[in-house]
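Per our numbering: the sequence shown = residues 5 to 419.
Cβ atoms here follow ideal geometry from the backbone N, Cα and C, with glycine treated the same way.
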Amino acid sequence: MQVNRELRTNNCSRGRPDPDTLIPYPLETYIYSRYPVLDEREARRRPTHAVIDLGALRRNYRTLKELAKGRSIMAVVKANAYGHGLENAAQALADEGVAYFGVGFLEEGIELRQIGVTTPILVLGGVVGYQAGLFLEYNLDLTVSSPALARRVAEEVRKSGRRARVHLKIDTGMGRIGFNWAAAAVFIDEALSLPELDVVGIYSHLATADDEDGSFTQEQINRFNHALSGLPSMEKPLLRHISNSGALFQHPQGLFDLVRLGISLYGCNPNGLTPPVHLRPVMSLMSEVVFVKRVAESTPVSYGCTWRAPRETTLATVPIGYGDGYPRALSNKGFVLIRGQRLPVVGRVCMDQLMVDCGELRVEVGDPVTLIGSQGNERISAEEVAHWLDTIPYEVTTQISARVPRVFVDGESIA
Ligand SMILES: Cc1ncc(COP(=O)(O)O)c(C=O)c1O
């Protein structure tokens, strides 16, 4: 058992929906979940919510694990599992037997431990020496990027009589954290010589794994191999890892022992790549129309009057805005789905509301609005929203703010 079950019991057996745990889904589809879901009243407290399909997450994990040809997977769940909800996402992946979790910061690792996750957890970000005690207390692996940090961590943990679990980070070209690959042998020797450190892994990070041009990734893999050649033979070999989602899709020569996956688990493509396997989007962003009006030609809409009706038209107001992580940069740029139609966001996106030009479509208060996801044959993906914003899907999903309730469903049981 990887997580504390008490927090999340659900009395249904899989595949047999119990009417008490059915939750409303705006497309009038009822989805059954064996994970805890907001109850109907809670889900309806606010019409805006992110629907997180944990069945899709689990399915993506299995698909990617197969693609990784049996390598262990580290599920990267930093930034609230890329906005999908840390606790439930981690539980779903722990249920699948994921080998490792990767987080950005110490506090995210602590949060995972506090909800009962017992799977190994690596904090991928930089660490300052005084944090070492907390790594020990919560049994978290830390990233060591320099001999100075290795010595500092050793000093911090010495009095506890315990050893800090460490992964050595080698910079092969990302230029963020890590010890320079060309001199890695010195760093490795020093870290391995410190008895207070239990060095369990060695890794690097790729800067261009999602580019079509694979030459720099190949160069980084070569540099990583060069650094690894400085490793002494060991009774328990270190876990070697460098690949992320883009590398799994394009560079099978870089898989090593462990593959660190984030965006692909959540069903998105890094940087517009077409994945070699079918992935299911995990997040949908939904709301409902709260106000409808018919306006005359030239009627201005929202702050700054940046949009005026080009003709008589119907406008719908939707209760979601930049305070929810629907970016203001989508003013006069984004689209939403209502009644299966793709309709433009008009005027400035406000903190809590946005307006949609529905033209002659008959729209009513309470109509479901899909901002990310599918309605009928239409679909707006996180990648498409990212494209409108000239950014990447990572930023789109991580920006969905804490104000938006996450409703957890299990699409697998109805697939
Ligand atoms: C060090 C590290 N490894 C792996 C990942 C996962 O990358 P991806 O989401 O592209 O799979 C990240 C994400 O930013 C990362 O920072």
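Within the stretch 182-215, ranges of the alpha helix (DSSP H) (whole runs, at least 4 residues): 188-197
Rounded distance between the beta-carbons of A386 and P397, thought under 8 Å: Confirmed, about 4 Å.
Residues that DSSP places opposite W311 in a beta bridge: V305
Same chain, Cβ closer than 7 Å to E115, five either side skipped, listed in chain order: L90
DSSP-derived helix/strand/coil call for V408: coil
Check: R227 C-beta below 7 Å from any heavy atom of ligand 1: no
Distance cut-off 7 Å: N248 Cβ against heavy atoms of ligand 1: yes
Local Cβ density within 10 Å of V373, reported as buried at 16 or more and exposed below that: buried
Residues of its chain near L242, where Cβ-Cβ distance is below 7 Å and the 5 sequence neighbours each way are ignored: V203, V204, G205, I206 and L235
Cβ contact check for the stretch 267-284 and the stretch 221-234: 3 or more pairs under 8 Å: no
Outcome for Q379 when other beta-carbon atoms lying within 10 angstroms are tallied against a minimum of 16: Per the 10 Å Cβ criterion, buried.
Beta-carbon proximity list for T402, same chain, < 6 Å, skipping 5 on both sides: Cβ within range, chain order: A83, Y86 and G87.
Alpha-carbon to alpha-carbon, R332 and F4: This structure cannot settle anything about residue 4, because the visible part of the chain is limited to 5 through 419.
Contact between the stretch 70-81 and the stretch 248-264 (3+ Cβ pairs under 8 Å): yes
8 Å CB neighbourhood of V190 in its chain, flanking five on each side removed: P151
DSSP beta-bridge partners of P372: E292
Contacting residues, own chain, Cβ-Cβ under 6 Å from R169 (five flanking each side not counted): D145, D202 and V204
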